[in-house]
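A.B. asks: Next up is a structure, given as C-alpha cells.
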Amino acid sequence: MGMTTTPLTPHGLHHVTAVTADARANLGYYTQTLGLRLVKKTVNQDDVTAYHLFYADRDGTPGSDLTFFQWDVPREQPGNNSVSRTSLRVPTGTLDWWQAHLTASGTPATPVTRHGRPHLDFSDPEGQRLSLVEGGPDGTPWDASPIPTEKQILGLGPAELTLPNLFPTTRVLERAYHLTPAGTYPDPEQPGRTIHVYAMNGGGPHAELHLRIDPTIPPARPGAGGVHHIALRVHDDQYHDWNTHLSSLGLRTSGEVDRHWFHSIYYREPQGVLIELATDGPGFAVDEHPDHLGETLILAPFLEPHRAQIEAGLTPLS
C-alpha cells in the first residue's frame, strides 16, 4: 500500500489503559461519580482471566476511552518511566461544578494550572492520578449518566509522562510520530521542574503529551492505580503505512494486531512507556447495538469458543 497524502501523524489520544484491583468498585466510581458509560465489558485478550472494561461517552467515540485491566496486584508505587497522570476534558465553564461534585463525592480536587489552562487534579479510590481540563472536541452525551448532559466528560485530555530524561523520548516522538514541541510550563507539583508539551496534528487539549522530567526519582513499580499504556489515534487508511514507517526506522514493534474493535501497533519507547497506535474503526458497535453497549460480556471472535471457561474465571460485577 502506498503512502497516503495526509501527513503520517497521530491526531489525538485514542485511549488510556490503566489497572484496577477491584473491577466492581472501579465500575461504580467511573460510571457513577464520573458519569462515564461502560461501552465494552470484555477481557484482556492476552490474559483472559482479567476483565478489560472500557469507559467512554455514549458512543465510545475514539479519544474518549479510559479503560482498565483488572489484576489482583498491590497499588502502584508512582515514579519514573511511567504515565503519571491522565486528563479528562469537560465543557468550558464547568470546573467549579466538578470541584463541588467531586468534593461532595468524597474526592478532594485541587485547582492547578497546566500549560496555561486551569485544571482540577484528583485521584480515584485506588490512587489513579486524574485531572479535569476544559475544552477540545465535543463528546456524545449519555442520557443515562448521573452527570447532567451539559457537564459530562467529553473525552481524554493530555497524558502526562514522568521520565528521567527528555531527549531519548522526544527523539522518537519527533522522528517516528512527527509530534512537535509546543512549549513548556513549571510543574505545579514541583515548581522547580519543567514539563515539556508535545502536540499531535496541531495540538489542543485532546492531542498533547506532557513530559514531566525528573531524574531524581526511582522508576515506578506497576500496580493498581497505575497506567499500563496510552494509545494515539491514527487514520484507518494509514494503519499499514504506520507499520512500514516504524519498521523502516528500525523500531521493534508488535507488528499489526487486530483488537476487533480497532487495529493496533505497540511500541515501547526508549524510557519504557508503552505507546499504542490505534485506528478509529471499526468501533464498539461492530458487535453490540449502540443502545446496549457494555451490558453483556463481549469476547473477540477468536475467544468466543472459550466463553464458558472464560466466564467461569471472572467475578461478577454486580
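Residue numbers (UniProt numbering): 1 to 318.
The beta-carbon is built from N, C-alpha and C at its ideal position, and this holds for glycine as well.
(1) Measure the CB-CB distance between residue 321 and G225 and report whether it falls below 8 Å.
(2) Once DSSP output is grouped into helix, strand and coil, what is the label at Q77?
(3) Quick check on L303: does DSSP put it in helix, strand or coil?
(4) Which whole-angstrom value is the C-beta distance of E276 and A231, which I expect to be below 8 Å?
(5) If I follow the unbroken beta strand (DSSP E) through V273, where does it start and stop?
(6) In whole angstroms, what separates the C-alpha of A312 from that of L173?
(7) Could you tell me the distance, in whole angstroms, from the CA atom of G203 to the CA atom of H52?
(8) By Cβ distance, which residues of its chain are closer than 8 Å to I298, with the 5 residues on each side in sequence left out?
(9) Which one or two residues does DSSP pair with E160 in a beta bridge?
(10) Please report how far the alpha carbon of V112 lies from the alpha carbon of T92, in whole angstroms.
(11) Pull up the distance between the alpha-carbon of G135 and that of T67, whole angstroms please.
(12) Quick one: what's got a C-beta closer than 6 Å to D121's C-beta in the same chain, skipping five residues either side?
(13) Identify which residue in G79, L246, A56 has its Cα closest to the Cα of I213.
(14) Along the alpha helix (DSSP H) that carries L173, what are the first and last residues, could you check?
(15) Using a 10 Å radius around the Cβ and a threshold of 16 neighbouring Cβ atoms, would you call Q271 buried or exposed?
(16) Would R85 be called buried (16 or more neighbouring beta carbons within 10 Å of its own) or exposed?
(17) Comparing C-alpha positions only, which one of H306, Y198, H101 sits nearest to R171?
(18) Tell me whether R129 is buried or exposed, calling it buried when 16 or more other Cβ atoms sit within 10 Å of its Cβ.
(19) Which same chain residues end up closer than 6 Å to H178 when comparing Cβ atoms and leaving out the 5 residues on each side of it in sequence?
(20) Report the partner residues of Q70 according to the DSSP bridge assignment.
(21) Under a three-way DSSP split, which group does S131 fall into?
(22) Following the continuous beta strand (DSSP E) through N201, name the residue where it begins and the one where it ends.
(23) What is the DSSP secondary structure of I310, counted as helix, strand or coil?
(24) Opposite V197 in the DSSP bridges: which residues?
(25) Applying the 10 Å Cβ sphere with the 16-neighbour rule, what's the burial state of I217?
(26) Please state if the CB of A50 and the CB of F69 are separated by a distance shorter than 8 Å.
(27) Kindly identify the DSSP beta-bridge partner or partners of D258.
(28) Identify whether A56 lies in helix, strand or coil by the three-state DSSP scheme.
(29) Beta strand (DSSP E) containing D121: first to last residue?
(30) Check this for me: beta carbons of V227 and V48, under 8 Å apart or not?
(31) Where does A278 sit, in a helix, a strand or coil, going by DSSP?
(32) Along the beta strand (DSSP E) that carries H11, what are the first and last residues, could you check?
C.D. replies: A quick look at the data gives this:
(1) Because the chain is modelled from 1 through 318, residue 321 falls outside the range shown and cannot be assessed.
(2) strand
(3) helix
(4) 4 Å
(5) Premise fails: V273 is in no beta strand (DSSP E) and is neither H nor E.
(6) 42 Å
(7) 29 Å
(8) K40, K41, T42, D287, E288
(9) R85, H210
(10) 16 Å
(11) 21 Å
(12) T110, V112, S131
(13) G79
(14) 167 to 175
(15) buried
(16) buried
(17) Y198
(18) buried
(19) T9
(20) T20
(21) strand
(22) It is not in any beta strand (DSSP E) - N201 carries neither H nor E in the DSSP assignment.
(23) helix
(24) H210
(25) exposed
(26) yes
(27) H263
(28) strand
(29) 117 to 123
(30) no
(31) strand
(32) Taken as a continuous stretch (DSSP letters only), H11 belongs to no beta strand (DSSP E), as it is neither H nor E.
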